[in-house]
Each structure stands twice: as C-alpha cells, then as structure tokens.
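Below: the structure, in structure tokens.
Residue numbers (the numbering used here): 6 to 537.
In structure tokens:
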C-alpha cells in the first residue's frame, strides 16, 4: 500500500523584489533523475523549477485548453485549500517547446485536495481533477472559479483513495473512456459516465477493473503516435512510491499491458502530475515535494489531431421549455467551434467555450444550421436541424361540480379545462341524464332533461399533451304536479254567462269562473256560486 510521505518545505521561499516575482531560469534536470536505457538517446530533460505564486506542494498539471501559453498547476495539493493556478509560460518561437515560466501564477479555480489528476474531458472545456485523500473527482466548467460538481468514488469499486485518471484519446482503442487509477491500492479502472448536457457528466455507479497497476500510481498519459522508441501504442504512468515513470504498451482498449513495462524515468522525488503538450509533444510532470518543480521531457512527437465533430444529431425542442444540448468535438489542440451557417431557433444560443446550445425556444418550426470546428491540424463541419414543437400543456379540468336540473326545464352548464392545445371533451364512463348532450369542443352540457333521477358520469379533457378526468353527479328532479286550490266539491257547478253575437257560444266552465268564446271574442266570467 502506498503511503504519502510528510512534506518538508523548510528553506524554500519565493523571492520578491520591488513587487515583482523573480523567475529563475530553467536548469538541466537534477543528476539523480535519469532516462531509461531505451530512451536516453532520443529524449532530454529540462527542469523548469518552481512556478512562482503557486503554493506548495504541487499537484496535477495541464495546458489551458483555450490558451497554449498558460500552464495550469495544482497548488496546496492534498489540502482543503487546494486550488489550480494559471502560470504563463514561454515557448520557443520555432519549435513551440516550453522553455520557461513567463511570470507568477494566479488563482484559476478552487480544487480542494487536488492530487495528480488534472485534465480536460475530450471535446469540452470541462476541467477534471482528482482529490486525495477524499477519494473524489471534481469538475470545473469554463470561466468558473469553483467546481461545478465533486463526485465521491466510494462504492464504485475503486479502492480509496484515487490518485489520477486519464481519458483515452481518439487514436487509441476505447477512445473517450475515463480511466481511473487508485493510489492507495493500485489498479486501472474504467468508470462510465453520462453527459448532463451542461458540460458536466454524471459518473457511473460501478467501475470495471482492469490491469493491476502497482500502488502509488499518479499522473498518466498516452504517448503520441510516432514518438521515438515507442514502436507500439503506449502510455506513461508516474509512480509516486517508486519515484519513477514507467512505459507500457497498451491493448486494444487502451489499457496497459503490465508485462511490457520499461523504465522511462528514475530517481524522481514525489512525481504526481503528468501532461503531453499538444503543440510540441513535450512531456511535463510535477513533483509533490523535494524540488516541487515542473520538469519537461523533450523528444515526443507532436500530438496535433484534426478536429472531429462527434455529435450526429440534436434533440427536438418545445416552445417555452428549457433546452440544453452539447456538441461533442475532439482535436488537438482544442478546436475553436462556431455556428458557421444557418441559424438557431429564436431563444437559443451557442456557447463556443462549453459547446453547449441552450435557452428557451420562442417559436415553433424547423431550423437548420452548421457547426464548424477548426484547429491547426484541420477543419470539420457538420449540419444539424432542430425541430421546435408548439407549446403543449396537459389538460386540467377546473370545474368540480355541475348544477342539478328538472325534467322538462332547459338545462345548460359547462365543463371548463385549461391546456395547450385546447382540449376536447368526452364522456368516458357513466352517462348523461336523458335529454342532455356534451359539446366535445366547448365542454357545454345542454338540453332538456326527460327523466328524473340521480346521474353520475366522468368527463375527460384530452389534447396531444395528455388528459385529465373529473367525475360529476347531477340530480334531475321530476316536474311539479299542479293541484287546484281549493279543490271544488263534486256538487258545485260553475255559473256560465254568454254575451256576444253568436247565440250559441262555446262555454268552458271552471271551478271559479268560465271562459265564453263567441264569434272570436273571449269573455271571462269570474264568480263563485254559493251552495244553499
């Protein structure tokens, strides 16, 4: 089991004069550091020294994806104050080789407990880092000064605590896979992940174990194709405990073949971070303590790779609904990506840093556009189409009760519902009272009830987004029976009197009077006959 040694920085200091950091010139690597016998004729070492302005001890190292003249270095490694610092670097104007620091480092982003792992996820500007001894992986989005998320690796099957990681390059088998190395127990693990669409990923719950890389593993890089003394696809793995860097050939999925190990570097002190520079092929690595320096190994082939847009299509959108999707692009150096033709739907925008399309669509329709990725090695363009559907809202019936009715009396009520598009209505169970009908478009229930009773039915409001139902109960009362008051006695005979032209009038008698119809004239006679 690998164990961290206590850090001693006694006697180390940063020189400040007249408010300026004094940057020491690079020196040949210390004599104790040696290249392996297979590599000594093709590679050379240069010690860049300590990067000013970066608190010790050092952690992982990489080049800023959108600025090849800025080195990102972990500082205050393995502590709660761990962070990433941006250090300007100088390059040879002809070879692009890193020849020194151009100034002091400045705080780039917080990275608590940062260890040897520091790298960008391929095709993005999301910066990943490992945290020791907290056994975590953090993710920092472009332009942010704190992690967007930090994931605990407990329970994934990767032994505590993690040391480093690497994404398998496009040119190797299993390209894009996240490979994680355990510092404490050793091992080489493949950890699945799912993009979230916002530049971050969700790490898988279970890692797949691979070769039993020795414990103490830290920085890991894949060797650029065509590099001297590497006849087969290979990788370099730094080992903190063994104070060395070993070369391994890799199998068809980018995992190290352990019995091909060759010593690449020896005599190191606490090597942690590793990175292959895209422009020059320089292999940069950091030491955790002792020298606390950045060292360059020269002789590797350039890693320039033409851009490739991997996203084949983008999802559909809906008016009024938040939309987010990412365009996956690879290439070395990191390509610039732009919308080169057509237009995005109104309300959506493309972020060239994160390669994310996001926003809230404002209008339906079909929208075509092209994305172009460009770097020093070439260009790639791909056409896309976003189909924006109209806004849809699931129906919601807002009417909770309907009025009762009477037989023979006109009835009108309505079932109201919200929803987009406007829902239609139908009775899905039970039945309306006889004589009533439901308008499928308006939701109105109209008619004249013809039967008394207690009626229950269920109405559904339906549109393309879904449906809602509501049960109703309506009581239809019988029509009233009119009884004369007072009720006439059977012996009573209404008095009738006729007047008019026709001597034979039509007389309609009632209990309290009579109606006399004579030649089209109507005369009402009202009276009550007394009973003797």
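C-beta: ideal position from N, C-alpha, C; glycine also.
Owing to the predicted nature of the structure, the values given are computational and were not obtained by experimental measurement.
{"query": "Coil, strand or helix - residue 71 by DSSP", "result": "coil"}
{"query": "Per-residue DSSP class, three states only, for residue 414", "result": "coil"}
{"query": "Exposure of residue 261, with buried meaning 16 or more beta-carbon neighbours within 10 Å", "result": "buried"}
{"query": "Cβ shell of residue 114 (< 8 angstroms), same chain only, five flanking positions each side left out", "result": "88, 89, 132, 145, 149, 150, 151 and 152"}
{"query": "Segment limits, beta strand (DSSP E) that includes residue 339", "result": "Looking at the DSSP string, residue 339 is not in any beta strand (DSSP E), and its letter there is neither H nor E."}
{"query": "Residue nearest to residue 402 in terms of C-alpha spacing, selected from 154, 292, 477 and 383", "result": "477"}
{"query": "Proximity below 8 angstroms, CB of residue 158 to CB of residue 167", "result": "yes"}
{"query": "Beta-carbon spacing of residue 445, residue 431 below 8 angstroms", "result": "yes"}
{"query": "Element boundaries [beta strand (DSSP E), containing residue 194]", "result": "193 to 196"}
{"query": "Euclidean distance between Cα positions of residue 98 and residue 284", "result": "12 angstroms"}
{"query": "Strand pairing of residue 210, partner residues [DSSP]", "result": "None, per the DSSP bridge assignment."}
{"query": "Contact belief for residue 123 with residue 79 at Cβ below 8 angstroms, rounded distance in angstroms", "result": "6 angstroms"}
{"query": "Cβ-based burial, residue 337 [other Cβ within 10 Å; buried from 16]", "result": "buried"}
{"query": "Segment limits, beta strand (DSSP E) that includes residue 390", "result": "383 to 394"}
{"query": "Cβ-Cβ distance between residue 241 and residue 252 below 8 angstroms", "result": "yes"}
{"query": "Per DSSP, cross-strand counterpart(s) of residue 353", "result": "364"}
{"query": "Buried or exposed (CB count within 10 angstroms, at least 16 for buried), residue 438", "result": "buried"}
{"query": "Residue closest to residue 221, alpha-carbon to alpha-carbon, out of 332, 169, 239 and 297", "result": "169"}
{"query": "CB of residue 468 within 8 angstroms of CB of residue 400, strictly", "result": "yes"}
{"query": "Bridge-paired residues (DSSP) for residue 325", "result": "According to DSSP, which records beta bridges pairwise, residue 325 is partnered with nothing at all."}
{"query": "In chain order, each beta strand (DSSP E) run of at least 3 residues that lies wholly inside the region 262 to 287", "result": "267 to 271 and 276 to 281"}
{"query": "Closest Cα partner of residue 410 within the set 460, 370, 398 and 95", "result": "460"}
{"query": "Residue burial classification, residue 86 (beta-carbon count within 10 angstroms, cutoff 16)", "result": "exposed"}
{"query": "Residue 390 classed as buried or exposed, judged by whether at least 16 other C-beta atoms fall within 10 angstroms", "result": "exposed"}
{"query": "DSSP three-state assignment for residue 332, whether helix, strand or coil", "result": "coil"}
{"query": "Other residues of its chain near residue 325: CB distance less than 6 angstroms, five sequence neighbours each side excluded", "result": "396"}
{"query": "Paired residues, beta bridge with residue 452 - DSSP", "result": "416 and 441"}
{"query": "Coil, strand or helix - residue 199 by DSSP", "result": "strand"}
{"query": "Where residue 305 sits in the DSSP three-state scheme", "result": "coil"}
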